[in-house]
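Asks: Can you keep this structure in mind? I'll have questions shortly.
Protein chains: 2
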Amino acid sequence: MNTKEKILRTGKIQFAAHGYAGTTMAMIAEAVGIKKPSLYAHYSSKEAIFKGVLEAEFTDYIAFVTDILEKENQSALGKLSALYMAHLPEAGEPDSSNDFYYRFIKFQPPGLEEYIAGKYREAEDIQFEIFSGVVEDGKREGAIDPRLSARQVYEAYFLLLGGIDSMQGLYDAEYIQKSGRDAWQVFYRGIKA
Amino acid sequence: MNTKEKILRTGKIQFAAHGYAGTTMAMIAEAVGIKKPSLYAHYSSKEAIFKGVLEAEFTDYIAFVTDILEKENQSALGKLSALYMAHLPEAGEPDSSNDFYYRFIKFQPPGLEEYIAGKYREAEDIQFEIFSGVVEDGKREGAIDPRLSARQVYEAYFLLLGGIDSMQGLYDAEYIQKSGRDAWQVFYRGIKA
DNA sequence: GTCTATACGGCGATAGAC
DNA sequence: GTCTATCGCCGTATAGAC
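Line by line, the protein sequences are chains A and B. With the numbering used here applied, the first sequence covers 6 to 198. With the numbering used here applied, the second sequence covers 6 to 198.
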């Protein structure tokens with residue numbers, strides 16, 4: 006891994022853990038293993054590093070969702086469940102990608118509000134399109150109540166995911182898992198045919 | 006309103022909008038209408054102002070929940086629905102209390118992690134106790150499926166609320182309201198007897 | 001590309017007059 | 001209680017040698 010990639014990797018971890026203002030060039034440099042001014046040989050500013058991380062995260066997230074929802078030989082409910090469960094935290098080290106994504110979707114560094122919002126809407130449009138296809142499959146399979154609209158199922162589903170994220174850092178992974186599974190049962194009862 | 010209260014009021018708004026590091030003593034002072042050093046006649050430090058706001062917010066939040074869930078002449082489902090709907094954003098100015106609460110529950114300023122976590126657990130214990138009483142009432146009224154535990158209903162419910170919060174700032178109030186009501190229907194189908 | 005040295009500004013906080 | 005003036009520190013970013 007070259008230095009430029011290393012900066013993105015460690016930058017993501019630091020930004021996710023300490024926020025934009027709370028992360029300093031010195032912190033990133035130290036974690037990378039170089040001195041502070043050397044960062045400027047790879048990125049022109051702190052903001053440029055941040056944007057680099059952000060770009061990569063959106064790309065990865067869309068790939069992650071697409072992978073799960075377009076898996077073959079799986080029922081629609083199987084796919085929805087798999088994507089949901091993939092969002093539950095695992096015990097051990099924190100998931101810095103997830104932390105980064107949710108932190109900066111909600112709390113944008115000053116001056117980057119529009120930039121981030123634009124990226125987000127773009128990612129969400131793609132996500133909704135794939136998701137609603139799966140929901141329609143679920144109706145055809147007789148698993149999802151056809152009276153519910155794909156939009157309605159989508160909203161309830163991502164409200165739950167947002168809720169799971171809002172528990173991170175407040176509870177341990179095991180409790181969030183249990184909580185998340187409990188909520189899934191309620192959700193499932195709510196959409197089943 | 007005296008200066009000390011004014012500092013808490015404006016401090017809450019600034020902290021909610023810009024975060025802890027992103028809020029400066031100069032910003033608070035200007036919004037209050039005094040100069041920066043005058044703040045120190047009322048609070049010994051930036052952290053002291055923040056803690057003052059935090060304390061008041063937790064107190065207010067518990068009172069808010071208690072008020073709604075202990076209202077007389079209301080069915081259990083009516084209470085749950087009322088509390089849920091009260092969390093949906095209204096069009097117009099942003100709700101700085103809500104923004105403050107959720108921002109700092111999830112992203113604590115360095116050094117205040119334990120302090121905030123402690124306050125939060127305390128508030129949550131009280132909240133769960135009241136909430137589960139309402140759920141048990143709902144079962145007795147024949148409105149909620151008795152096979153569901155109060156804990157399970159609580160978890161699904163607050164996952165939804167967390168999800169609603171995670172939409173704030175990304176969508177306008179009207180869309181979040183619609184989304185929130187849609188999700189409520191799914192939730193209701195999921196818990197009804 | 002990496003380093004040492006440094007410029008420059010903004011931060012929290014204090015001193016001391018009124 | 002409020003002000004002007006200022007301290008000390010640390011942030012981003014640059015200059016210039018190797």
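Positions of the beta carbon are idealized from the N, C-alpha and C atoms, including for glycine. Nothing here was measured: the structure is a model prediction, and the numbers come from that model.
When the Cα of A/Pro-99 is compared with those of A/Asp-187, A/Arg-194, A/Val-191, A/Ala-21, which residue comes out closest?
Replies: The residue with the shortest Cα to Cα distance from A/Pro-99 is A/Ala-21.
Asks: With a cut-off of 8 Å, does the C-beta of A/Gly-123 fall near any C-beta of chain B?
Replies: No, no contact with chain B.
Asks: Going by DSSP in three states, A/Tyr-48 sits in which element: helix, strand or coil?
Replies: Three-state result, A/Tyr-48: coil.
Asks: Under the three-state reduction of DSSP, which class applies to B/Lys-183: helix, strand or coil?
Replies: B/Lys-183 falls in the helix class under three-state DSSP.
Asks: Quick check on A/Asp-187: buried or exposed, where buried means 16 or more other Cβ atoms within 10 Å of its Cβ?
Replies: With 16 or more Cβ atoms within 10 Å of its Cβ, A/Asp-187 is classed as buried.
Asks: Are B/Gly-83 and B/Leu-13 close, meaning C-beta to C-beta below 8 Å?
Replies: No, they are not a contact pair.
Asks: Between which residues of its own chain and B/Thr-28 is the CB-CB distance below 7 Å, once the five residues before and five after are set aside?
Replies: Excluding residues within five positions, the ones whose Cβ falls inside 7 Å are Gln-19, Phe-20.
Asks: Going along the chain, which residues of the stretch 87-119 of chain B sit with their C-beta nearer than 8 Å to a C-beta in chain A?
Replies: Against chain A - using a Cβ distance shorter than 8 Å - the residues of the stretch 87-119 of chain B are Tyr-107, Arg-108, Ile-110, Lys-111, Phe-112, Pro-115.
Asks: Mind checking which residues open and close the alpha helix (DSSP H) that includes A/Ile-39?
Replies: Neither: A/Ile-39 is in no alpha helix (DSSP H) and is coded neither H nor E.
Asks: Which residue comes first and which comes last in the alpha helix (DSSP H) that contains A/Asn-78?
Replies: Here A/Asn-78 belongs to no alpha helix (DSSP H), and DSSP marks it neither H nor E.
Asks: By the 8 Å beta-carbon criterion, what residues does the stretch 157-171 of chain B contribute toward chain A?
Replies: From the stretch 157-171 of chain B, only Gln-157, Val-158, Glu-160, Ala-161, Phe-163, Leu-164, Leu-165, Leu-166, Gly-167, Gly-168, Ile-169, Asp-170, Ser-171 have a Cβ closer than 8 Å to chain A.
Asks: Which residues of the stretch 16-33 of chain A have a Cβ closer than 9 Å to any Cβ of chain B? Give them in chain order.
Replies: Here the close residues are His-23, Gly-24, Tyr-25, Ala-26, Gly-27.
Asks: Roughly how many whole angstroms lie between the Cα atoms of B/Leu-175 and A/Ile-39?
Replies: Cα to Cα, the separation comes out at about 37 Å.
Asks: How would you call B/Ser-3, buried or exposed, if buried means at least 16 neighbouring beta carbons within 10 angstroms?
Replies: There is no way to answer for residue 3 of chain B, as the model of chain B reaches only from 6 to 198.
Asks: 8 Å is my cut-off, CB to CB: does A/Gly-174 come that close to chain B?
Replies: Yes, A/Gly-174 counts as interfacial toward chain B.
Asks: Please work out which residues of its chain come closer than 8 Å, Cβ to Cβ, to A/Ala-161, disregarding the five sequence neighbours upstream and downstream, and give them in chain order.
Replies: Counting only Cβ-Cβ distances below 8 Å, and skipping sequence neighbours, we find Phe-192, Gly-195, Ile-196.
Asks: Would you check if the distance between the CB atom of A/Leu-165 and the CB atom of B/Leu-165 is smaller than 8 Å?
Replies: Yes, the Cβ-Cβ distance between A/Leu-165 and B/Leu-165 is below 8 Å.
Asks: In the stretch 96-137 of chain B, which residue ranges form an unbroken alpha helix (DSSP H) of at least 4 residues, counting only runs that do not cross its ends?
Replies: 101-111, all fully within the stretch 96-137 of chain B.
Asks: Output the distance between the C-alpha atoms of A/Ala-91 and B/Glu-35, rounded to the nearest integer angstrom.
Replies: Going by the C-alpha atoms only, they are around 46 Å apart.
Asks: With a cut-off of 8 Å, does the C-beta of B/Gly-195 fall near any C-beta of chain A?
Replies: Interface residue, yes.
Asks: Start and end of the alpha helix (DSSP H) containing B/Gly-27?
Replies: Residues 8-27.
Asks: Starting from A/Gln-157, trace the alpha helix (DSSP H) both ways and give me its first and last residue.
Replies: Here the alpha helix (DSSP H) through A/Gln-157 covers 155-172.
Asks: Taking the straight line between their C-alpha atoms, what separation do you get for B/Pro-151 and A/Glu-95?
Replies: Near 31 Å, if we compare the C-alpha coordinates of A/Glu-95 and B/Pro-151.
Asks: Taking only beta-carbon atoms, is B/Ser-50 less than 8 Å away from chain A?
Replies: No, B/Ser-50 lies away from the interface with chain A (no Cβ there is under 8 Å from its Cβ).
Asks: Chain B beta carbons: is any one of them nearer than 8 Å to that of A/Ser-137?
Replies: Cβ-Cβ to chain B under 8 Å: no for A/Ser-137.
Asks: Under 8 Å between the Cβ atoms of A/Ile-181 and A/Gln-190?
Replies: No, they are not a contact pair.
Asks: Out of curiosity, what's the CA-to-CA distance linking B/Ile-110 and A/Lys-144?
Replies: Straight-line Cα distance between these residues: approximately 39 Å.
Asks: Flag B/Phe-63 as yes if its beta-carbon sits less than 8 Å from any beta-carbon of chain A, otherwise no.
Replies: False, the Cβ-Cβ gap to chain A never drops below 8 Å.
Asks: Which chain A residues sit within Cβ distance under 8 Å of B/Phe-133?
Replies: Chain A residues near B/Phe-133: none, gap ~12 Å exceeds 8 Å.
Asks: Measure the alpha-carbon distance for A/Glu-141 versus A/Ala-155 and round it to whole angstroms.
Replies: About 7 Å.
Asks: If contact is defined by three or more beta carbon pairs under 8 Å, each pair taking one atom from either stretch, is the stretch 50-69 of chain B in contact with the stretch 100-108 of chain B?
Replies: At 8 Å Cβ cutoff, the stretches touch.
Asks: Report buried or exposed for B/Ala-72, applying the criterion of at least 16 other Cβ atoms within 10 angstroms of its Cβ.
Replies: Note on residue identity: the sequence assigns Asp, not Ala, to residue 72 of chain B. Exposed, since its Cβ has fewer than 16 Cβ neighbours within 10 Å.
Asks: Beta-carbon separation of A/Ala-148 and A/Ala-68 under 8 Å?
Replies: Taking 8 Å as the Cβ cut-off, A/Ala-148 and A/Ala-68 do not qualify as a contacting pair.
Asks: Could you confirm whether any beta carbon from chain A is found closer than 8 Å to the beta carbon of B/Val-140?
Replies: Answer no: the Cβ-Cβ gap between B/Val-140 and chain A never drops below 8 Å.
Asks: Kindly list, in the order they appear in chain B, the residues whose Cβ is closer than 8 Å to that of A/Ser-184.
Replies: By Cβ distance, chain B contributes Glu-160, Leu-164.
Asks: Rounded to whole angstroms, what is the Cα-Cα separation between B/Ile-135 and B/Pro-42?
Replies: Taking the straight line joining both Cα atoms gives about 44 Å.
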